[in-house]
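Here's the structure, in structure tokens; my notes come after.
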Amino acid sequence: MRGQIWSLDAIASILIFVSAFLLLAFAWNNAQVQLMERQTQLHLESRVIGISDSLLRTPGLPLDWNAGNVQSIGIIKEENVINQTLLIRFLDLPETIAKATFGISDAAYFFQLFDINGSIRYVNDQLAVSGTAPHQNATLIVPVVRFVLLDGDPVKLFLTLWVPRD
27 MRGQIWSLDA IASILIFVSA FLLLAFAWNN AQVQLMERQT QLHLESRVIG
77 ISDSLLRTPG LPLDWNAGNV QSIGIIKEEN VINQTLLIRF LDLPETIAKA
127 TFGISDAAYF FQLFDINGSI RYVNDQLAVS GTAPHQNATL IVPVVRFVLL
177 DGDPVKLFLT LWVPRD
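In structure tokens, the structure reads:
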């Protein structure tokens, strides 16, 4: 009888230990996933602010940049005042070139200009939109809103970085 009791104690102990170990492993894995998601979010927040600063604080490099020679994209003539010519160049820039210049190979971007009343802005009969709108299956969407002047009118600049699901 003693042998049976001892083996039942051993089996119960092993089951409790394995259950506790599995619970700990699950919690550890969950914490790592959340940490990675937070790091990705912080990275994208930093990138979207950096890109919006680049667009709105510099005229770009070289100063008369185009799709063939752009090193840094900028759309302003003075801080927070958009240069319409540079804006049109940016809107016409292929998305692959813009992404490479922004340094965002792991994410997509979406740029929009709106009037203060919420209407999408047109520039030379062209919608002031560039990039790809976030898909429903995006794993992370990080927007930034900036207020700028275009043709003397205040407008809202929306820049969104987003990560598509693998």
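So the sequence shown is numbered by the numbering used here: it starts at 27 and just counts up by one. For each residue, glycine too, the CB sits at the ideal point set by N, CA and C. Model, not experiment: these values are computed from the prediction.
Annotated as distal: Phe173 and Phe136, with beta-carbon spacing of 9 angstroms or more.
Assignment of Ala53 by DSSP, reduced to helix, strand and coil, places it in the helix class.
Distance from the CA of Leu48 to the CA of Leu41, rounded to the nearest whole angstrom, comes to 10 angstroms. Here Leu175 is actually not in contact with Asn109; their C-beta atoms are around 11 angstroms apart, not less than 8 angstroms.
If you ignore the 5 residues before and after Ile130, its C-beta comes within less than 8 angstroms of the C-beta of Arg73, Ile77 and Leu187, all in its own chain and listed in chain order.
Taking the Cα of Asp118 as reference, the smallest distance to any Cα among Gln60, Gln67, Pro169 and Ser156 is reached at Ser156.
Taking 9 angstroms as the cut-off, the beta carbon of His161 is found no closer than this to the beta carbon of Pro120. By the 16-neighbour rule on beta-carbons within 10 angstroms, Ser39 is exposed. At least 9 angstroms separates the beta-carbon of Leu70 from that of Ile99. Phe140 and Pro180 have their C-alpha atoms roughly 9 angstroms apart. Contact between Asn150 and Ile114 holds: CB atoms are separated by about 6 angstroms, below the 8 angstroms threshold. If you ignore the 5 residues before and after Ala159, its C-beta comes within less than 6 angstroms of the C-beta of Phe136, all in its own chain and listed in chain order.
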